[in-house]
Amino acid sequence: MAQNYGAATEWRIESPEALSIDEAKLEELEPVIRSEYSNINGMIIVRNGAIAYERYFNGYGPEDAHHVASVTKSVISALIGIAIEERYLHADQRVLDFFPEYVPGEADSQKGEITIRHLLTMTAPFAFADWQEPLDKMCMQPDWVTYALDLMGEPGEPGAFKYSTAGAHLLSAVLTRATGKNAREFANERLFKRVGMKEIPDYGMKTFGFEELFGKEVKGWVQDPGGNSTGGWGLALTPRDMARFGLLYLNGGVWDNHPVIPQAWIDESTAMNPNRYGYLWWLLEDAGVSAYSAMGDGGNVICCVP
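The opening residue of the sequence shown carries number 2 in the working numbering; numbering runs sequentially from there.
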C-alpha cells in the first residue's frame, strides 16, 4: 500500500530522531563513505517524505547533476507507464508495430512477436552472449534503432531473462514514435515538471565519442543520431531529483495530491518475480525486507523500501 507523504515542491528536512531513525547509525556513514567509497559524490536518505540525511563529497553539492547511467532505464519505465495511461500504446503491443519501415529477414519471424512488455522485463532475446552486449558498436552506427532491431529476436525464445540496454533504447524510440516527443521532452512535460524536478535541457550532441556518450561531463539527456533520447543510460540528475523520483514511486505515483504515474503501473513494475527484475527495476529481498532499485554503473542507485 502506497503512503501519501504530502510531497510538495520544497523538501522538508527533519531530524533523524523525528523520523525514528537511529542518528548514531547515520553518523557512522560518512567516515565509511570517505574511506571505502570514494566514488560516492552524494547521498540522501528520505523517510516519510522528509530528508533525514544529506551529504556531499568530492567537491559536489545539491545543484550538481550526475550521469546516472542505467538509472535512466527506470525513468523510461515510468514514461512508458504514463504513455500507456494516456493511450499512446499498450504493454502487449508488438515492437515492430512502431517501425513499419523495418523489414525483418525471412528467418526472423520471431522478431515480430516481441512486445513492449518483453522489453520492459528484459525477456526479449537478443543476438549476443549474456552481459556481452555490443553497445560500443551500436553507438558507432548512423541508425541505432535499426541496429537494435537487427539484434532483437534471435537466438532464444521470448520469456528468458536477458539484460539489454539496446532493448531499453528501443523503448525510448517507441515512446518517440507513439507520442511525437522524445523521452526528454515527454519527461519534462509529463513527469519532471509535475514533481518539482529540474527541467532537463537538450544536451546538443555534436559528436558521439565515449566522453560525450558516457563520460562524467554528460549533462541533460544524451540522444542518438536520430534524435531519440538514450533509453538505457545518458540522463543526468541531481541526487535530490533522484530522491524525488523514488519518493514518487513510494507515494503510489501521486505528488502533492495529483496523480503522475498510475498506481497500477507501479505495482506491476515492482512486483517480485523469479527473475527479480520488474519493469526496468531491480527487485530485492533480504531478511524479510523487500525493496526495488534503479541501479546504474558507478554506484548510482535509487533504492525504494516500501
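Using N, Cα and C, we set each Cβ at its ideal position, and we do this for glycine too.
As the structure is a prediction and not an experimental result, all values here were calculated from the model.
Cβ contact annotation for E18 (same chain, cutoff 7 Å, sequence separation greater than five): E24, in chain order. Each residue's CA atom was taken as its position, placing E158 and W12 some 46 Å apart.
Sixteen is the threshold: when 16 or more other Cβ atoms of the shown chains lie within 10 Å of the Cβ of E134, as they do, the residue is buried. With a beta-carbon spacing of about 20 Å, S165 and F209 fall beyond the 8 Å limit used to define contacts. Exposed is the label assigned to N274, since fewer than 16 other Cβ atoms lie within 10 Å of its Cβ. Bridge partners of C305 according to DSSP: Y293. DSSP links G43 through a beta bridge to Y57. Between the segment 265-284 and the segment 215-231, the count of C-beta pairs closer than 8 Å stays below three; the two stretches do not touch.
DSSP links F127 through a beta bridge to M153. If only uninterrupted beta strand (DSSP E) runs of at least 3 residues are considered, none is enclosed by the segment 184-258. Boundaries of the alpha helix (DSSP H) around D268: 264-270. With respect to the 8 Å criterion, T180 and N229 are not classified as neighbours on the basis of their beta carbons.
Scanning G232, V261, V72, D98 for the CA closest to the CA of E190 turns up V261.
Assignment of D287 by DSSP, reduced to helix, strand and coil, places it in the strand class. In terms of Cβ geometry, I14 and A51 form a close pair [threshold 8 Å]. Beta-bridge partners assigned by DSSP to H68: A237. Bridge partners of A51 according to DSSP: R13, R48. By the Cβ-count criterion, H259 is exposed, with fewer than 16 other Cβ atoms from all chains shown falling within 10 Å of its own Cβ. In the three-state reduction of the DSSP assignment, Y280 falls in the coil class, being assigned neither a helical nor a strand state.
Around the beta carbon of M141, fewer than 16 other beta carbons sit within 10 angstroms, so the residue counts as exposed. When C-alpha distances from D203 are compared across L120, E29, L284, E186, the shortest belongs to E186. At the C-beta level, G227 and D151 stay beyond 8 Å of one another.
T166 sits in a helix when the DSSP states are folded into three classes. With 16 or more other Cβ atoms inside 10 Å of its own Cβ, P240 counts as buried.
When DSSP states are grouped into helix, strand and coil, P32 belongs to the helix group. A direct Cα-to-Cα measurement between D298 and E86 gives close to 30 Å. Note that the segment 300-307 touches the segment 53-72; at least 3 beta-carbon pairs, one per stretch, sit closer than 8 Å. In terms of Cα proximity to H119, the closest of Q224, M198, Y278 is Y278. For N252 and E107, the gap between their C-alpha atoms comes out near 47 Å.
DSSP, reduced to helix, strand and coil, places T116 within a strand of the structure shown.
In the structure shown, R95 falls within a strand segment according to DSSP collapsed to helix, strand and coil. Looking at the DSSP output, P260 bridges to V255.
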